[in-house]
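Q: Count along the sequence shown starting at 1, add 5, and that's the number in the working numbering. For each residue, glycine too, the CB sits at the ideal point set by N, CA and C. The model shown is predicted, which means the values in this text are computed figures rather than measured ones.
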Amino acid sequence: MQADLEKPMQHDLRLYRIVALNYVSLYVKDFSDAIAFYTQVFGPPESVAESGKVVGWRMGSTWLTVFPSSAGTAHDSNPRNTEFAIQVAAAEDIDRLYGALIGAGAKECMAPEDTTMYEPMRFACVDDPFGVRIDIYCPSAAS
6 MQADLEKPMQ
16 HDLRLYRIVA
26 LNYVSLYVKD
36 FSDAIAFYTQ
46 VFGPPESVAE
56 SGKVVGWRMG
66 STWLTVFPSS
76 AGTAHDSNPR
86 NTEFAIQVAA
96 AEDIDRLYGA
106 LIGAGAKECM
116 APEDTTMYEP
126 MRFACVDDPF
136 GVRIDIYCPS
146 AAS
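So, in structure tokens, the structure goes:
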């Protein structure tokens, strides 16, 4: 089934109502290295399962959760073509979080800049050491 992108479905015609997209889960081969990386950037995790194999950080109203790759569908690999976005409270937070990610070992993808992507915003992105793209943004109206 191919969607007609020229004529997107009207929200009032759906049989359901989506209120949010939540819970980013990463299945990482280098599990302990991933925990160390995200702890360096975001501080200690707020949730660690008794098994130690489910580790999470609260991100606003949702969670970033890291699992060992053996718990996912590709048992011996890092995530592929995975991306998540972090919205920060103020435009200057983009530069600080970007610096923290680079300092922890992420690779530059796009340095912080003012741009328009759906709406005016300050935006940056990095690729973490495990192949995950992390976007950082702040809509101009929120800064």
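Quick one: give me the first and last residue of the alpha helix (DSSP H) that leucine 3 is part of.
A: The chain is shown only over 6 to 148; residue 3 falls outside these bounds and no answer can be derived.
Q: Would you report the Cα separation of valine 59 and phenylalanine 72, rounded to the nearest angstrom?
A: C-alpha separation (whole angstroms): 5 angstroms.
Q: Could you tell me whether the Cβ of arginine 101 comes closer than 7 angstroms to any Cβ of chain C?
A: The structure shown contains no chain C; it holds only a single protein chain.
Q: Could you give the C-beta distance for methionine 126 and cysteine 143, rounded to a whole number, given that I count them as a contact under 8 angstroms?
A: Indeed, because the Cβ distance is near 6 angstroms, the residues count as touching under 8 angstroms.
Q: Would you mind reading off the limits of the alpha helix (DSSP H) that contains serine 37?
A: Segment 36-47, the alpha helix (DSSP H) holding serine 37.
Q: Which complete alpha helix (DSSP H) runs does the region 55-89 hold, if anything under 4 residues is left out?
A: Entirely contained in the region 55-89, not one alpha helix (DSSP H) run reaches 4 residues.
Q: Kindly give me the distance between the Cβ atoms of valine 131 and proline 84, rounded to whole angstroms, as I take these residues to be in contact under 8 angstroms.
A: The pair is not a contact, with the Cβ atoms about 14 angstroms apart (cut-off 8 angstroms).
Q: Between which two residues does the beta strand (DSSP E) carrying phenylalanine 128 extend?
A: First-last of the beta strand (DSSP E) with phenylalanine 128: 124-132.
Q: Compare the beta carbon distance of proline 50 and tryptophan 68 with 7 angstroms and say whether it is the shorter of the two.
A: Cβ distance not < 7 angstroms, so proline 50 and tryptophan 68 don't count as in contact.
Q: Identify every residue that forms a DSSP beta bridge with cysteine 114.
A: Bridge partners of cysteine 114: none, in fact.
Q: What three-state label does DSSP hand leucine 20 in the structure shown?
A: In the structure shown, leucine 20 sits in coil (DSSP, three-state: anything other than H, G, I, E or B).
Q: Rounded to the nearest angstrom, what separates valine 29 and threonine 70 at their Cα positions?
A: Near 6 angstroms, if we compare the C-alpha coordinates of threonine 70 and valine 29.
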